[in-house]
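Sequence lines, in order, name chains Y and A.
Under the UniProt record's numbering, the first residue of the first sequence is numbered 1, with each subsequent residue one higher.
Under the UniProt record's numbering, the first residue of the second sequence is numbered 1, with each subsequent residue one higher.
Glycine included, C-beta positions come from ideal geometry on N, C-alpha and C.
Single-structure report; data block below.
There are 2 protein chains.
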Amino acid sequence: MFSSLDAYKEKMETLIESLSSKLKDTGSVCWQIGNHVKDGSVTPLDYIFFEIFQRHNFILRNRIIWRFNFGLNARKRFSGRYETLLWFTKGSDYKFNLDPVRVPQIYPGKTKRTEQGYKPSGNPKGKNPSDFWEFDAKQSFEGQPVWDFPNVKANHPEKTIHPCQFPNEVADRCILALTEIGDTVLDPFAGVGTVVSCAEARSRVGIGFEFDPRYLMLANERLEQARLGELVVRQSGRLPRRPNGNEKVAQVPQEWLDLG
Amino acid sequence: MFSSLDAYKEKMETLIESLSSKLKDTGSVCWQIGNHVKDGSVTPLDYIFFEIFQRHNFILRNRIIWRFNFGLNARKRFSGRYETLLWFTKGSDYKFNLDPVRVPQIYPGKTKRTEQGYKPSGNPKGKNPSDFWEFDAKQSFEGQPVWDFPNVKANHPEKTIHPCQFPNEVADRCILALTEIGDTVLDPFAGVGTVVSCAEARSRVGIGFEFDPRYLMLANERLEQARLGELVVRQSGRLPRRPNGNEKVAQVPQEWLDLG
């Protein structure tokens with residue numbers, strides 16, 4: 001689609017300029033992006049976008065890391081297992097609602113000494129989810145129509161990942177934290193409509209653009225399901241699932257034990 | 001120490017130029033860095049260093065994220081819980097040893113279908129640790145002399161974190177993967193000597209520079225302990241510890257339950 005990284009940067013700059021002119025002063029931009037890898041040389045694309053957004057006077061509030069647990073295995077470097085999400089605001093008077101996105105405390109029973117004796121030291125409503133977000137591959141893709149894409153071949157999400165195929169909760173958490181009921185949420189690369197569906201489900205107004213008619217059709221179907229409350233998505237706020245050691249897949253196979 | 005971000009950049013550029021002239025063609029640079037935060041505006045410092053290293057023809061192989069589980073809680077943005085480590089090489093003929101840094105498979109029992117029936121699908125030696133590294137605060141700081149620093153006041157590592165206080169395993173994994181026995185490892189900001197001690201313990205030659213005489217003294221002591229095999233560090237290759245739910249700190253306190 002783009003002849004070079006420079007052509008891509010130029011196009012994106014034009015887009016970001018338009019977005020900026022439409023964005024409210026209290027609004028936020030969330031920009032989710034991966035790496036450009038050529039001959040084993042890695043360029044994290046957030047480097048490029050940080051520069052562009054900064055030139056348009058946006059302020060970076062967080063570079064959020066979202067980690068996944070699947071993908072190609074690299075041999076001459078460490079395997080890529082995360083992408084980044086840049087959260088920018090136009091000014092200092094931005095919306096940020098922490099309470100709806102708090103996650104459970106890992107150590108809720110931790111105490112601190114007070115004048116009234118030892119008291120729980122955390123917040124009972126949960127903790128700030130931090131700038132690092134973790135998702136479980138299996139749960140994230142369960143029941144998602146992306147499973148039906150022609151380029152997803154086997155029942156392994158890692159086989160071929162659609163670029164827009166990020167977990168519902170990434171969008172959901174941004175919408176809950178950075179907007180209020182009735183606000184407008186725009187996704188210029190709507191894909192299969194994860195963001196607009198989330199916006200709908202959270203009583204925001206979702207607007208999405210998508211170039212590819214196949215994705216667009218699917219996005220409209222999913223949006224309709226979201227309106228009817230029938231879109232199957234992973235519940236937000238759940239901790240990633242970890243094998244408990246009793247399941248077969250979590251046990252070291254006899255075959256490996258036989259190796260010595 | 002520096003009057004501005006620009007003064008800092010200039011100084012760092014001079015340093016990186018010298019490092020480059022000393023580095024072997026098969027060598028690597030690992031650059032660990034955090035964020036510069038001013039008035040709630042975040043500048044990830046790896047952005048600055050990527051630019052400098054690129055100007056000196058270094059190739060980025062991975063931007064590694066290392067996550068920790070403690071720190072200040074932000075109220076108007078998401079709390080910072082990771083730093084980055086940029087791994088650069090001078091050329092394409094670089095050293096990378098995956099086997100000594102493989103980590104246990106999460107699902108060792110996962111199988112794939114082969115002509116000989118279902119076989120375990122992973123590598124029995126473990127998996128590529130990926131570009132995302134997780135460490136447990138408590139284990140990382142246990143038995144570390146950093147506990148004795150005057151600016152660490154309570155038994156919470158989060159109270160005041162010495163900038164050099166990264167877990168031993170961050171250094172250890174880089175040394176194991178990117179160097180061989182007998183190679184030289186240079187740390188221009190040696191602090192309390194984590195990197196040089198690791199180098200020593202792994203039969204590499206560690207060289208460190210440190211400006212602050214208090215840290216330097218401690219670094220020398222720790223290096224001596226490493227030589228004698230007496231330095232207490234967290235064992236590499238262990239998964240982060242997670243509370244199992246039975247421990248008191250992992251249980252929701254009655255006080256919170258009473259809130260309704």
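If only uninterrupted beta strand (DSSP E) runs of at least 3 residues are considered, those enclosed by the stretch 52-102 of chain Y are 59-67 and 82-89. Interface flag for Ile181 of chain Y against chain A is unset, since no Cβ pair is found closer than 7 Å.
Identification of chain A residues near Val103 of chain Y by a Cβ-Cβ cut-off of 7 Å yields none; the smallest Cβ-Cβ distance measures about 11 Å. Between Ile65 of chain Y and Tyr82 of chain A, the C-beta gap is smaller than 7 Å, which places the two residues in contact. In its chain, beyond the 5 residues on either side, Gly206, Leu223, Ala226 and Arg227 have a beta carbon closer than 8 Å to the beta carbon of Glu200 of chain A.
Here the C-alpha atom of Phe209 of chain Y lies approximately 16 Å from the C-alpha atom of Glu17 of chain Y. Per the coordinates, the alpha-carbon of Leu98 of chain Y lies some 48 Å from the alpha-carbon of Lys22 of chain A.
In the DSSP assignment, Thr184 of chain Y falls within the unbroken beta strand (DSSP E) covering Thr184 to Asp187. Taking a Cβ-Cβ threshold of 7 Å, the residues of chain Y close to Ile59 of chain A are Ser41, in chain order. Its Cα nearest to that of Met12 of chain A, the residue A:Pro188 stands out among A:Thr184, A:Cys174, A:Asp183 and A:Pro188. Taking each of Y:Phe2, Y:Phe132 and Y:Pro124 in turn and checking the Cα distance to Gln254 of chain A, the smallest one comes out for Y:Pro124. The secondary-structure analysis by DSSP pairs Phe132 of chain Y across a beta bridge with Y:Ile65. DSSP, read as helix, strand or coil, puts Thr114 of chain Y in strand. For Phe49 of chain A, there are no neighbours in chain Y by C-beta distance under 8 Å, as the nearest C-beta there is about 11 Å away. Assignment of beta-bridge partners to Ser41 of chain Y by DSSP yields Y:Lys38. At a cut-off of 7 Å, the C-beta of Ile65 of chain A has a neighbouring C-beta in chain Y. Between Asp131 of chain A and chain Y, the shortest Cβ-Cβ separation is below 7 Å. With a contact defined as Cβ atoms closer than 8 Å, Gly71 of chain A and Val103 of chain A miss out at about 24 Å. Arg55 of chain A has a beta carbon lying at 7 Å or more from every beta carbon in chain Y.
Taking 7 Å as the cut-off, the Cβ atoms of Ile52 of chain A and Ser41 of chain Y do not count as close. Close partners of Ser203 of chain A in chain Y (Cβ separation under 7 Å) are lacking, with about 23 Å as the shortest Cβ gap. Residue environment for Glu10 of chain Y: exposed (fewer than 16 other C-beta atoms within 10 angstroms of its C-beta).
When C-beta distances to chain A are compared with 8 Å, the residues of the stretch 65-90 of chain Y below that value are Ile65, Arg67, Asn69, Asn73, Ala74, Arg75, Lys76, Arg77, Phe78, Ser79, Gly80, Arg81, Tyr82 and Trp87, in chain order. The beta-carbon distance between Pro120 of chain A and Thr114 of chain A, rounded to whole angstroms, is 10 Å. This is too long to meet the 8 Å contact definition. Assigned with DSSP and collapsed to three states, Gln225 of chain A falls in helix.
Below the 7 Å Cβ cutoff, chain A contributes Lys76 and Arg77 as neighbours of Phe96 of chain Y, in chain order. In this structure, the beta-carbon distance from Tyr47 of chain Y to Tyr8 of chain A does not fall below 7 Å. Judged by beta-carbon spacing, Gly91 of chain A lies beyond the 7 Å limit of Gln105 of chain A, meaning their Cβ atoms are not closer than that value. Looking from the CA of Lys24 of chain Y, the closest CA among Y:Thr179, Y:Val195, Y:Glu221 and Y:Arg202 belongs to Y:Thr179. For Ile16 of chain A, the enclosing alpha helix (DSSP H) covers residues Leu5 to Lys22. Spanning the alpha carbons of Val29 of chain Y and Asn57 of chain Y requires a straight line of approximately 12 Å.
Between Ala219 of chain Y and Gly191 of chain Y, the beta carbon gap of about 7 Å places them in contact (Cβ cut-off 8 Å). With distances taken between CA atoms, Trp133 of chain Y lies nearest to A:Phe68 out of A:Pro167, A:Phe68 and A:Thr89. Between the alpha carbons of Val101 of chain Y and Arg77 of chain A lies a gap of roughly 12 Å. Per DSSP, the continuous beta strand (DSSP E) segment holding Val205 of chain A begins and ends at Val205 to Gly208. Contact between Asn62 of chain Y and Trp87 of chain Y holds, with the beta-carbon distance rounding to 5 Å and staying under 8 Å.
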